Amino acid sequence: MMQHHLRPAGSPPVNGYSHAVSFTGPMVAVSGQVPVDADGQLVGEGDPDAQLRQVFVNLGVALAAAGVGFADVVKLTVFLVDLADLPAFRQVRDEFLDPERLPACSLVQVAGLVHPAFRVEIDALAGR
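Numbering (the UniProt record's numbering), first residue to last: 1 to 128.
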């Protein structure tokens with residue numbers, strides 16, 4: 001069972017996430033996914049949309065391997081090198097996740113990621 005607490009009484013307005021998500025059952029932690037394909041090749045150098053899509057594809061593969069899917073995601077942590085990529089993140093995220101049942105989310109601007117061409121890394125928690 002999963003319950004989204006979009007905006008509990010007394011909390012500030014939200015923009016694209018739930019303040020809290022409660023759930024029961026097993027929990028799956030997905031390590032940070034980066035914009036590389038199954039062959040280990042960088043996808044979308046300089047292209048935030050392409051990089052974000054590849055990251056979400058990779059998240060989907062990892063979630064499926066653990067027996068869950070995007071509907072089971074309760075928390076995302078997003079690392080962006082450039083906050084100008086935030087609108088692209090929201091657009092791509094909404095292609096993979098139900099905009100009416102968004103997970104809790106943290107967004108962190110970072111100076112860089114493990115590869116200088118990476119613009120984004122995302123990790124996830126999921127539960128049933």
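Glycine is no exception: its CB is placed at the ideal position from the N, C-alpha and C atoms.
From a predicted model like this one, the values you see are computed outputs, not experimental measurements.
Two segments are said to touch when three or more pairs of C-beta atoms, one from each, lie closer than 8 Å; by this definition the stretch 107-120 touches the stretch 73-81.
Here DSSP, grouped into helix, strand and coil, assigns residue 113 to coil.
In the displayed model, residue 102 falls within coil according to three-state DSSP, outside both helix and strand.
Rounded to the nearest whole angstrom, the C-alpha separation of residue 68 and residue 43 is 25 Å. Its chain contains 1 as the residues whose beta carbon lies nearer than 7 Å to that of residue 24, once the 5 sequence neighbours on both sides are disregarded; these appear in chain order. No Cβ-Cβ contact shorter than 8 Å links residue 72 with residue 7.
The three-state reading of DSSP puts residue 43 in coil, since its state is none of H, G, I, E or B. Counting along the chain, residue 63 sits inside the alpha helix (DSSP H) bounded by residues 48-65.
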